[in-house]
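Engineer:
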Amino acid sequence: MILRKKQHWFRMFFVWHGSVLPQLLPRLGVLFLLSVLIVYLKGTLYEYKVPLSPAPFTIFGIALALFLGFRNSASYDRFWEGRKLWGALLNDTRSLARQAITLTGHSKNDEQVLAFINILIAFTYCLKHQLRNTSASEDLQRLLPGELAHSITEAKYKPIVLMIELGNWIQKARIMPGFDSISQVAMDGNLNKLSDIVGGCERIASTPIPYTYQVLLHRTVYLYCFLLPFGLVDSLGWITPLITVFIGYTFVAFEAIADELEEPFGTEPNDLALNAMCRMIETTLLEIVGKPLPEQIPALSAGHVFD
Amino acid sequence: MILRKKQHWFRMFFVWHGSVLPQLLPRLGVLFLLSVLIVYLKGTLYEYKVPLSPAPFTIFGIALALFLGFRNSASYDRFWEGRKLWGALLNDTRSLARQAITLTGHSKNDEQVLAFINILIAFTYCLKHQLRNTSASEDLQRLLPGELAHSITEAKYKPIVLMIELGNWIQKARIMPGFDSISQVAMDGNLNKLSDIVGGCERIASTPIPYTYQVLLHRTVYLYCFLLPFGLVDSLGWITPLITVFIGYTFVAFEAIADELEEPFGTEPNDLALNAMCRMIETTLLEIVGKPLPEQIPALSAGHVFD
Amino acid sequence: MILRKKQHWFRMFFVWHGSVLPQLLPRLGVLFLLSVLIVYLKGTLYEYKVPLSPAPFTIFGIALALFLGFRNSASYDRFWEGRKLWGALLNDTRSLARQAITLTGHSKNDEQVLAFINILIAFTYCLKHQLRNTSASEDLQRLLPGELAHSITEAKYKPIVLMIELGNWIQKARIMPGFDSISQVAMDGNLNKLSDIVGGCERIASTPIPYTYQVLLHRTVYLYCFLLPFGLVDSLGWITPLITVFIGYTFVAFEAIADELEEPFGTEPNDLALNAMCRMIETTLLEIVGKPLPEQIPALSAGHVFD
Amino acid sequence: MILRKKQHWFRMFFVWHGSVLPQLLPRLGVLFLLSVLIVYLKGTLYEYKVPLSPAPFTIFGIALALFLGFRNSASYDRFWEGRKLWGALLNDTRSLARQAITLTGHSKNDEQVLAFINILIAFTYCLKHQLRNTSASEDLQRLLPGELAHSITEAKYKPIVLMIELGNWIQKARIMPGFDSISQVAMDGNLNKLSDIVGGCERIASTPIPYTYQVLLHRTVYLYCFLLPFGLVDSLGWITPLITVFIGYTFVAFEAIADELEEPFGTEPNDLALNAMCRMIETTLLEIVGKPLPEQIPALSAGHVFD
Amino acid sequence: MILRKKQHWFRMFFVWHGSVLPQLLPRLGVLFLLSVLIVYLKGTLYEYKVPLSPAPFTIFGIALALFLGFRNSASYDRFWEGRKLWGALLNDTRSLARQAITLTGHSKNDEQVLAFINILIAFTYCLKHQLRNTSASEDLQRLLPGELAHSITEAKYKPIVLMIELGNWIQKARIMPGFDSISQVAMDGNLNKLSDIVGGCERIASTPIPYTYQVLLHRTVYLYCFLLPFGLVDSLGWITPLITVFIGYTFVAFEAIADELEEPFGTEPNDLALNAMCRMIETTLLEIVGKPLPEQIPALSAGHVFD
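Residue numbers (this note's numbering), protein chains in the order written: chain A, 802 to 1108; chain B, 802 to 1108; chain C, 802 to 1108; chain D, 802 to 1108; chain E, 802 to 1108.
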């Protein structure tokens, strides 16, 4: 995720980092060269004039924009749903931490409470590692007692197995006076929500937008762009390559952004900053139990990219 | 469902599997031949020139794109709601499995718990079989005791009857110390959610998008495509068939995708991978109770189709 | 609701039943004749040439399509919300039936349980009759004891009064051991949901899309269609009537579908199949208590219309 | 809110009442006269020909339609959310009335129950009066005991203060056998929902769509309409005023409808029928406790406007 | 937030305050001067005629409008979700205040209740200060006892730490007769909702719309506007600068509004009136406990801006 201070409208033209322009340059270069060639040949192929006019591009540009718009909305919805799920994770772990103190009657500094908080933090990191296919063992060893850390490392669905530990902790809290089955069920309700969050993230990560859409839109966008110079050369002349690349840039870039946002849990520049969010959850949970905060989230600097 | 690794933008033009192109080839072939004929006749019918210009196609192409866009969104929403329901099924069965351990006070390896888990897994497979109109008896015999398997096989709404079994199991758990009516109601709340999931899937499977839409859009899309060459022949000449087929491909393919996604529980390439999801639910539930995992979900290979 | 097997793309052109075409034929006929007249007069009125070109129709066609698209989405949302409410009714009555067995400790065959189920079924039929303004007395006499049936027949908001009966049944179940205030409140929560369902249906039935929209769109659609031949006659000549009717058909049909879906509880061909849903709820509730199923929902036949 | 029987498609052209046309007539008259003047001057201003062609209007008409479409959707969503909130109010008061009988064990005719029902009805009327800035004192005196009516009349946020009364009533019901803290909390949960309903209505009433949108769209719509005749005069000649007014009517009317729906709690013809809904809630609540219904909601007559 | 009385349609053209026009004037001035230059040079650059026609602008204007429309909807959704969250905050604090009286059995004037209310009010102000990066210490000292105010001032996530205080207050209320673990859990459920509200606000404040969108749309909008005069000069002549600025104003203003609404918790004129909402929450909570209202929210005056 890229955070930037607001910029002057004029300087925003020259932003390089965080734009998709760099990765598109080769394709736009090909498109530019092709357009130049078509202008040079005045739109002929093997001496036959290609009789394209702007008319079919008008007809079709609208359809293309609508279809791209649909794909883009679907991708953005996935990105934003992913963000909402991680927001819910923050809310829910905070609620569980609060309940572990105020419902059980434990004091803030209780050993038990800290153990519970650490499982919650480990849960968060495990979810991140599962979504990014990275190894959770380092974080597990940092946060959990050795034996538990070991058994979780073996598990296939780590966050789910950790939730059994959370459930057992709550079950054991029944020895506290005033913590009865009602309080247990109240905390268990928040575990249900955690289960929904894990499943929601898995759903986004495992089910892409149907592949057929990608194929159809990809083909349509590129064919459209590569036919465009034939349609424009008669009326626009030598300015055709510039206009073609300008229109092409917008369509191709829109498709590329949709592609990047579709899988929001990756590590591309516009993906969600799961690392920063894990650190933030750790910070706020530790503050709730009055522990010193481990590290600060780095301050906002211009063009800073969080991962 | 088709899962594929990201591909180079250029190689994506030549994807065959997973595209709807193969099934559309005959129609596009007819359209191509018709266009060639119209070019050959220079847009005349029985010596009368058909005086179509691109203008009405511009007017109409926009309306068509909007209506197609609506149909497509409605279909995609059904696809995605179906996926969400199966995601909720995963979350909910996990929650019930957790509660069967941590609320009842049963140990992980308890016979009772395993019986409960097996009913949950059978529930999942029954829902799949009901949605796909296939026979559930094999899975039922694998997972349930003989007599129960037999009586469920007879039932019309199998998942619902299985839920009575789940409810009875929970009722019987009242003999465990610490599992009172409150815990029972907490688990019963998750059965309510299962009921919503079953009903949600039945709703999508039994209520298509109103038939009138299909008829209207189908007629409009094809009439538009078959009139298009008359409108383009004067300005585009010999390139008319190519452009007609290109525009026709996009509109017709969009309609075909919408048609396929509308019923997401089928077995077409872009439908939901219910089999893979059933296996995954079985795997994660067995891991929760510490049983060895039965089989691995096959790894992602290029162009792999899950059903 | 119309259910049909998938059809060959070519045969779908000739579908008559379930299309809105039949009811639109008179209007389209008027439009056709008018277009023929305009072509014959070469677009003059009282010897003055009407100087319309396609340009304003392009400008305006887009706006029209957008506004129609909005009206259509709003109508479809109402249709689909109506379907969701009836789906929720299915889920909720199933949940109550399950709870009436597994929470109370009654056996499946208990008299009391059957009485409860019958009130639930009567509730469903009453809601249908209220929404369609038909008489509920026959169904009430079939399902309820005479005196109760009589008093409900007198009531203005029958489903709501029946819910008091459901609530009283639950209150009386407090004599069962193990069924305490907690179980009562759990079932009462499902009554709250029933209340939301009834109110949701009443909302859709009593509040149409603001009338001003209908008037504005209706006027715009028809004026557009009747002015269109003047705009097309110069460039399209004798083919004007065909194109006019084709474009007119799409716009007018879209408005007609939106009109039909707006009130989804009626008995027009594309409305919701409330009768079939009532029968289905009756079937599944009776199966839950192990009673023989009363009648089968008729199998899907080509072009079958459920009401 | 305007309720009308379905009308013949042809008679709908001449609907006057409920259309926004009457209030727009002066503006459309100005537009018509201006267009006539421009036709008369053949599009010149001080002898300079204004060289506008339809092209920029095509470019811009699309953008305008999209922006208007956005504003319209946002307004309609507010209207429909307002309706949903009042629907939820109906559902929720019904649920509370049912609980006041079946959870407490009071009989229908109990004094206490009637007092509770009357506070619920007063709550409904107070919300209406707050949203419409009218005086609640008459309704309060009709429904509540003198002293309470007086103290509520003084309050700033009347429905909220009434909810404390509802909460106190529920607290006092604890003396009933079988009505314990669980039943109390179940009814309290419905009070939470009432709180959400009040706040939701206040949100819609106090936060309009950002003012900047109104200014921008208003300026754009009117400038567009007043420039249009210059763009059409060359190609359309003497028919320019008619077409200008036709296009202008659609855009201006769409803006006017959006403006009216944006604040759904007012008393304009298309606003929500809060009076009718209050009466309906009163009727259904009284029926639940078996009281005679006070008055009938007037039957649907053609073109009847509910307020 | 700007609140204004409805204005005459004609006077709305000359609204200055609350429009984004003032901040856009320099850019539109540049655009105007450029257009004048291009008209003067008759669209030539270094004696080469730039052969742009309106055609590519039609193609592209539609795409641009769609993309802008998407960005605008996404921004408006963030604005409206922010408003909903603050509305939920109002509802939830009211509910907690009600419960603190009617569930605990405290009287309205109880010291304890007032302390609880003050923590709720402090919570509200802390959230505002966190979202706006302002200092909460003044409000904390006004509302809380000295020691607590001090410790909260030190905290990083102040509202979350305050919620522990709320939880402790509820835990201590267990000494009241009739306030058992069930009542505690009911109030705790509302604390969960508060947690969701805080996290929801943090989500909107910390995660902007992906930066790539801003860059892409910004570039496209401005390039489009600055190329436009070349495309219009041939057909529109001396009126080109006016039309260019008119079209440019709409596109640029739409982007600017989207930019302003995207972060709804700021202090720009169209942002949410967090100060007014804090005051309103304080007022209504104090009224619930029967305390005199501290200050009136200033009445609506024409063009009044709330912050």
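Every residue gets a Cβ at the ideal spot worked out from N, C-alpha and C, and that includes glycine. Since the model is a prediction, treat every value here as computed from it, not as a measurement.
Please confirm if S876/E has its CB atom under 8 Å from at least one CB of chain D.
Structural biologist: no
Engineer: If you draw a straight line from the C-alpha of V962/B to the C-alpha of A974/B, how long is it?
Structural biologist: 19 Å
Engineer: Would you be able to state if there are at least three C-beta pairs under 8 Å between the region 1073-1089 of chain B and the region 1022-1040 of chain A?
Structural biologist: no
Engineer: For the alpha helix (DSSP H) that P993/E lies in, which residues bound it at each end?
Structural biologist: The sequence given here places Asn at residue 993/E; Pro does not occur at that position. Residues 982-1007.
Engineer: Going by DSSP, which residues form a beta bridge with S876/B?
Structural biologist: S876/B is not bridged to any residue.
Engineer: Whose Cβ in chain E lies nearer than 9 Å to the Cβ of F868/D?
Structural biologist: Against chain E, the beta carbon of F868/D has neighbours under 9 Å at A866, L869, G870, N873, T1051, F1055, listed in chain order.
Engineer: Per the DSSP calculation, T845/D is bridged to which residue(s)?
Structural biologist: K850/D
Engineer: From which residue to which residue does the alpha helix (DSSP H) around Y958/A run?
Structural biologist: Unbroken run through Y958/A: none, as it is neither H nor E.
Engineer: Closer than 7 Å by beta-carbon distance: list the chain E residues that pair up with L891/A, in chain order.
Structural biologist: G1000
Engineer: To the nearest angstrom, how far is the alpha carbon of L995/D from that of L1086/D?
Structural biologist: 16 Å
Engineer: Below 8 Å CB to CB, which residues in the same chain sit around V821/A once its five sequence neighbours on both sides are set aside?
Structural biologist: A1054, A1057, I1058, E1061
Engineer: Quick one: grab the DSSP three-state call for S1036/E.
Structural biologist: Three-state DSSP puts S1036/E in a helix.
Engineer: For R884/A versus L1018/A, is the C-beta distance shorter than 8 Å?
Structural biologist: no
Engineer: What span of residues does the alpha helix (DSSP H) with L945/A cover, start to end?
Structural biologist: Here L945/A belongs to no alpha helix (DSSP H), and DSSP marks it neither H nor E.
Engineer: By alpha-carbon positions, which one of I965/E, Y926/E, R933/E ends up nearest to R943/E?
Structural biologist: Y926/E
Engineer: Please identify, using Cβ separations under 8 Å, the residues of the region 961-974 of chain D that lie next to chain E, in order along the chain.
Structural biologist: Of all residues in the region 961-974 of chain D, those with a C-beta nearer than 8 Å to a C-beta of chain E are I961, V962, M964, I965, G968, N969, I971, Q972, reading in chain order.
Engineer: Anything in chain D within Cβ reach of F753/C, meaning under 7 Å, just list it in chain order.
Structural biologist: Limits of chain C in this structure are 802 at one end and 1108 at the other, which puts residue 753/C out of reach.
Engineer: Please list, in chain order, the residues of the region 934-957 of chain A that have any C-beta partner in chain B closer than 8 Å.
Structural biologist: A956, K957
Engineer: Using 8 Å as the Cβ pair cut-off and three pairs as the minimum, do the region 1037-1053 of chain C and the region 821-834 of chain C touch?
Structural biologist: yes
Engineer: Just the Cα atoms here: how many angstroms apart are A1074/A and R1004/E?
Structural biologist: So the alpha carbons of these two residues sit roughly 12 Å apart.
Engineer: With 8 Å as the threshold, decide whether the Cβ of L1101/E is near any Cβ in chain A.
Structural biologist: Any reading at L1101/E must be qualified, since the residue scores a pLDDT of 45, below 50, and its modelled position is unreliable; the value itself is stated next. For L1101/E, the answer is no, since every Cβ of chain A falls outside 8 Å of its Cβ.
Engineer: So with Cβ pairs under 8 Å, would you call T1085/C a contact of chain B?
Structural biologist: Yes, T1085/C counts as interfacial toward chain B.
Engineer: Is the shortest distance between the beta-carbon of V821/E and the beta-carbons of chain A less than 8 Å?
Structural biologist: Under the Cβ criterion of 8 Å, V821/E is not counted among the residues facing chain A.
Engineer: Taking 8 Å as the CB-CB limit, is M802/A close to chain E?
Structural biologist: yes
Engineer: Could you check whether F858/D and I860/C sit closer than 8 Å to each other, using their CB atoms as the reference points?
Structural biologist: yes
Engineer: What span of residues does the alpha helix (DSSP H) with L1073/B cover, start to end?
Structural biologist: Here L1073/B belongs to no alpha helix (DSSP H), and DSSP marks it neither H nor E.
Engineer: Should M813/C be flagged as near chain B, meaning a C-beta pair shorter than 8 Å?
Structural biologist: For M813/C, the answer is yes, since a Cβ of chain B falls inside 8 Å of its Cβ.
Engineer: So, at 8 Å on beta carbons, what are the nonlocal neighbours of P855/E in its own chain, with the 5 sequence-adjacent residues on each side left out?
Structural biologist: G1032, L1033, S1036
Engineer: Return the residue from the list P978/C, Q985/C, G979/C that minimises the CA-CA distance to D981/D.
Structural biologist: The candidate whose alpha carbon is nearest that of D981/D is Q985/C.
Engineer: Counting only beta-carbon separations shorter than 8 Å, does T1013/D have a partner in chain E?
Structural biologist: yes
Engineer: Any heavy atom of the ligand NAP within a distance shorter than 7 Å of the CB on K1092/C?
Structural biologist: Here there are no bound small molecules, and the ligand NAP is not part of this structure.
Engineer: For the alpha helix (DSSP H) that contains P1065/B, what are its first and last residues?
Structural biologist: Here P1065/B belongs to no alpha helix (DSSP H), and DSSP marks it neither H nor E.
Engineer: Determine the direct distance from the alpha carbon of I1040/B to that of L853/A, and round the result to whole angstroms.
Structural biologist: In this structure, the alpha-carbon of L853/A lies about 8 Å from that of I1040/B.
Engineer: If we cut at 8 Å on Cβ distances, does S896/D have a partner in chain C?
Structural biologist: yes
Engineer: Pick helix, strand or coil for W887/B, following the three-state DSSP scheme.
Structural biologist: helix
Engineer: Output, in chain order, the set of chain C residues within a Cβ distance shorter than 9 Å of D989/B.
Structural biologist: S896, R899, Q900, T903, L904, S984, A987
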